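Quick notes on the structure that follows.
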Amino acid sequence: MQPRRFARELALLGSSQLNSTKPSDIANQDLDALVTSAVRSLAGEVQDALEVAAGEVQQGQDQLLASETRASSLEEARALVQKALEKTQAAINRVGSALQIPEMIQLSNRKEIRSYAIELMLVTGKNRDEVDAELNEAMVSWNVKRLPKIDRDILRIAVVEMKYLGVPDRVVINEAVEIAKRYSDEDGYRFINGVLRRWVNRFLKPGEAIAEADSTIEAPPSPVKADSDAPLV
1 MQPRRFAREL ALLGSSQLNS TKPSDIANQD LDALVTSAVR SLAGEVQDAL
51 EVAAGEVQQG QDQLLASETR ASSLEEARAL VQKALEKTQA AINRVGSALQ
101 IPEMIQLSNR KEIRSYAIEL MLVTGKNRDE VDAELNEAMV SWNVKRLPKI
151 DRDILRIAVV EMKYLGVPDR VVINEAVEIA KRYSDEDGYR FINGVLRRWV
201 NRFLKPGEAI AEADSTIEAP PSPVKADSDA PLV
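Residue 1 is where the sequence shown starts when you use UniProt numbering, and the numbers rise one by one after that.
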């Protein structure tokens, strides 16, 4: 995992634990402690993911057994086998994601990663009102406050990186989409991709429009692989 992506994830998880909704109060909170708490929550994800994966494997085994003993036709047997394969694949994917978490926890001890995560939280808190106003305009007939918190925080952090920290927009959008795939729902990352591209067209590069996503951004869900990320310095 790229160090800066993990710093973004730490900032995202830390932001969800902020006690105050007032931007002026964020600087007074122990942000380093929030990052530590975010790391601990990741550690808990490992156990949860393995338990869910074990359940999916068991369900797959049950489907295979059913295909041998209860299927009344070849078509029904094939359907049960297909369900078993899907459950097994889901378990494999879940274990694969869980295996990345120890590396993430180890990375969290690097000073530059924690520093960047804290910087993201501070700059996001300081400029939240302006960022939200621009996001509202980019979403047309929607409002940032109506979004699920995880989607809202992903959008805010992405805009902060582009607007205030000078990270290239292609890198930020791709990273925001990947993080949304991990933490948001199935349609959330498409919505986030569309909103950020429209924000870039309107505020960052108004003279040179980039292609907008096909998905609608006026009505979010309930609510590119491109440039690699630059190393932390």
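Ideal Cβ placement from N, Cα and C applies to all residues, glycine included. Values in this document were obtained by computation on a predicted structure and should not be read as measured data.
What does the alpha-carbon distance come out to for the pair R8 and D169?
Those two C-alpha atoms are separated by around 15 Å.
R70 (DSSP reduced to helix, strand or coil):
coil
Buried versus exposed call for V177 [16 or more other C-beta atoms within 10 Å across all chains shown]
buried
How would you label N174, buried or exposed, when you count the other beta carbons within 10 angstroms and need 16 or more for buried?
With 16 or more Cβ atoms within 10 Å of its Cβ, N174 is classed as buried.
Our contact map puts S15 next to T124 with C-beta atoms below 8 Å; I'd like the distance itself, whole angstroms only.
7 Å
Measuring only the C-alpha atoms, how far is V233 from V171?
Note that V233 scores 40 on pLDDT, short of 50, meaning its location in the model is unreliable and no value can be drawn from it.
Separation of I150 from L165, as counted between CA atoms:
21 Å
To which residues of the same chain is W199 closer than 7 Å at the C-beta, ignoring the five residues directly before and after it?
E134, L135, A138, V159
From the DSSP output, in three-state form, read off residue 234 for me.
The shown model of the chain, from 1 to 233, leaves out residue 234, and the question about it has no answer.
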